[in-house]
Each structure stands twice: as C-alpha cells, then as structure tokens.
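Visitor:
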Amino acid sequence: MAQFQKQIRRIGVFTSGGDAPGMNAAIRAVVRVGIAQKLEVYGIHAGYLGMLENNIQPLQLRDMANIIQRGGTVLKTARSTEFMKPEGREKAAQNLRAAGIDALVCIGGDGSFRGAHALWEEQQIPAVGVPGTIDNDIFGSDKTIGFDTAVNTALDAIDRIRDTAASHDRLFIVEVMGRNSGFIASHVGLAGGAEEIFTPEGNTTVEKAVDRIKDAISRGKTSSILITAEGQKPGRAYDLADAIRKKSGMDAKVCILGHQQRGGSPTAADRILASRMGAAAVDALLKGYCDIMIGTEGERLVQVPLDLVAKHERKTQIDLLSLANILAT
Ligand code: F6P
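Using numbering that gives the first Met the number 0, the letters of the sequence shown correspond one by one to residues 0 to 328.
(1) Are the beta-carbon atoms belonging to Thr132 and Ala184 less than 8 Å from one another?
(2) Please classify Phe3: does DSSP put it in a helix, a strand, or coil?
(3) Do you know offhand how far Gly19's Cα is from Glu206's?
(4) Grab me the residues of Asn53's own chain with a C-beta within less than 7 Å of its C-beta, minus the 5 sequence neighbours each way, in chain order.
(5) With distances taken between CB atoms, is the gap from Ala77 to Ala45 smaller than 8 Å?
(6) Got a sec, what are the start and stop residues for the alpha helix (DSSP H) Phe146 sits in?
(7) Going by CA-CA distance only, name the one from Ala25, Gln122, Val12, Met0 that's closest to Ala267.
(8) Is Asp290 closer than 8 Å to Met0 when the C-beta atoms are compared?
(9) Whole angstroms is fine: what's the gap from Trp119's alpha carbon to Ile160's?
(10) Mind reading off the beta-carbon distance from Gly230 to Asn179? Whole number of angstroms is fine, and I expect it under 8 Å.
(11) Hey, could you find the ends of the alpha helix (DSSP H) Ser223 is sitting in?
(12) How big is the Cα-Cα spacing for Glu81 and Gly87?
(13) Taking Arg331 as part of the alpha helix (DSSP H), name the residues at either end of that continuous run.
(14) Can you tell which of Lys232, Ala102, Leu305 has the C-alpha that lies nearest to the C-alpha of Phe13?
(15) Taking the alpha-carbon positions, what's the Glu39 to Met50 distance?
(16) Using 8 Å as the threshold, is the C-beta distance between Pro130 and Gly294 below it?
(17) Put Arg299 into one of helix, strand or coil per three-state DSSP.
(18) Tell me which same chain residues have a C-beta within less than 6 Å of the C-beta of Ala9, skipping the five on either side of it?
(19) Assuming the contact rule is C-beta atoms closer than 8 Å, Cys254 and Val173 should be a hit. Round their C-beta distance to whole Å, please.
(20) Taking 8 Å as the threshold, find out whether the stretch 160-171 comes into contact with the stretch 195-206 through three or more Cβ pairs.
(21) My guess is that Leu225 and Leu322 are in contact by the Cβ rule of under 8 Å, so how many angstroms apart are they, rounded?
(22) Considering only residues of the same chain and omitting the five flanking positions on each side of Ala164, which have a CB-CB separation below 7 Å?
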C-alpha cells in the first residue's frame, strides 16, 4: 500500500467502466463524507474521458439529494482508449493539477483500477478504488457494488420464466451477464433452482447438461432451466441451444436478459455496501493512503493494493455450482 505526504484539500470522484446499481450511493457517500471532513469534492464527468476533456465540476451536499435510490451513475461513465496510453494519462494528470485536485476516488472495475494504478505510478496522482461492477469479479473483495441488485433482477426474471416453462413443459436457456465471470450465473442458478449452470470457466459441458436433463425427465420432471453466462463456451445462448438440439434433438427456448441486469434501483445491501465503501475511501485518503481499493472480507472492510487487484482474477465459486446441481434434482 502506498502513502503520500501532501495534505489534501480537494478530491475528485468519478465512475468508470460498466455502470452498476449503487454507484450513486457511493458517489453520495464520497461527497457527503468529504464535505463533512472539510474537503472540497469535485465530480469528474464520464470517468477518464472527463479527465481528458476537462469536464470537472464542484459538487455540493444538495447535488446528492434523491440519488441513493437511483440506478446508473449521475456522473456518467465511459471507457476511454486514449487514457490507456501514457500520453493520455499525462494529459489527464495535467488537467487534474490545473483543477487543483489533490486525490481521487475511482468507482469502477478492474480496468478502471489499472488506470488509477498507472496514474499513481506515472504521475503521482493518489487514488483509492471502490469496486463497482455487477460482475463481482474483483480480486480482493467478496462483494462488489451492484452485484446483489443484478442477481435479484435476474432472479425475478427467472422465476417468471419458470412459470411459463412449467406450463408448457419446456426447456429454457437463460443467458445472464458476465463476459469473463460466472458470478451472476452461479448465484442466480443456485437461487433459481437451475438444472445446469454454464460459466466462462467452462465448468460443465453440453453432454453433461443433456444427461442431467434426460435424467430429470426420467424422474418425472417436465421442464428445466439452464443458466448460462454470456462468456461461456461453446458460445452465446443460441449456440448452446443449437449444440443441445444437435446432441439430443431437444428444443430449447432462449431468453437473453442483457442490460436490464445493469439498471434498476439498488437493493438495500448494495446501498449500504456503497455508502460504507465510499466513506472508507475518503477516510483512507485523509490518512494519506493511496493506490489501494476498499474491499470486503465478510462484513469487514479491507484495503487491498491496486497492483494486486489488477494482477489477479477472481474465479467463480465452484462449490456453488456443485451445490446447485445437487439441489436441482
Ligand atoms: O458491467 C459488466 C458487464 O456487464 C459484463 O458482464 C458485460 O459483459 C459487459 O459489462 C458489457 O459491457 P457493455 O455493455 O459496456 O459493452
């Protein structure tokens, strides 16, 4: 973990990468705790893009009114290719210095943290990360902001699909988000009673899924739901349906839940997590700590060096997948 000596007076907060429900609660906590600690807090519009375009404005207590319950991010978000180059980061640092920003709170995922780490290493701009992504795939934190809401949104859809699947004796494949991560798939699969769960880690095969469905049919089951993460092999949900059809002759209906999983009002759990993490990020900066992410270990908040977060991947919990298999008999 790095430390810096400068007394901070003005901090910047931004959201970056895919949005996640609860990001607004985190922004609100940063602004209100910052102001309570006599800091000036500036909002940087659309993440690293806003740093490059000098889109940086002061935030006041009242700007944070009525946002805790809103999904998305009031600061907007973006992915910037220019910032990925050292020249881009130099320009961003110049703009931050010109705006008098002493330190940053970065709310985002692993790509956003790689950017914050590089900004510290190359330009000595101190930053603390707050993990905000529905994918829950950030090394060093048991939970990320937005995951709980996304799982509940997907689960609500799956419960509805189960009604129609049961009425028509059908097989459904429901695709959830997670390009590189099976966290949503595994949690939703377990909570929704899925017969099989496909994750990007390749934990199962079409053959195994077909065997499980046939076995279930022989025991009297008339409908089944398979959950698949968008990043799984052999491909997206329609490819999986084709592969199942070729292997078994069984027809599967496909439902892709898509970006609705990223929106909506955050759950209480996400609002509380975001509020605690936002407040802890400001506290860490006031103590002179930087180049870290605020994570969770159980109920406890922890500080994790950003280079560790950036270097490691967090894999789906395999035990949830095997439990889901046992329970969906
Ligand atoms: O926010 C994470 C995530 O939702 C992934 O699960 C998904 O693969 C990706 O973002 C999609 O991002 P975008 O909609 O920005 O292309």
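Here a beta-carbon is modelled for each residue, glycine too, at the ideal position from N, C-alpha and C.
Guide: Checking against the coordinates, here is how it stands:
(1) no
(2) coil
(3) First, the amino acid is wrong: residue 19 is Ala here, not Gly. Near 35 Å, if we compare the C-alpha coordinates of Glu206 and Ala19.
(4) Asn94
(5) yes
(6) 146-167
(7) Ala25
(8) yes
(9) 47 Å
(10) 5 Å
(11) Per DSSP, Ser223 belongs to no alpha helix (DSSP H); it is in the beta strand (DSSP E), 223-228.
(12) 5 Å
(13) Because the chain is modelled from 0 through 328, residue 331 falls outside the range shown and cannot be assessed.
(14) Ala102
(15) 17 Å
(16) yes
(17) strand
(18) The sequence given here places Arg at residue 9; Ala does not occur at that position. Counting only Cβ-Cβ distances below 6 Å, and skipping sequence neighbours, we find Glu39, Gly99, Ile100, Asp101.
(19) 5 Å
(20) no
(21) That belief does not hold up - the Cβ atoms of Leu225 and Leu322 are roughly 16 Å apart, past 8 Å.
(22) Phe171, Ser222, Ile224
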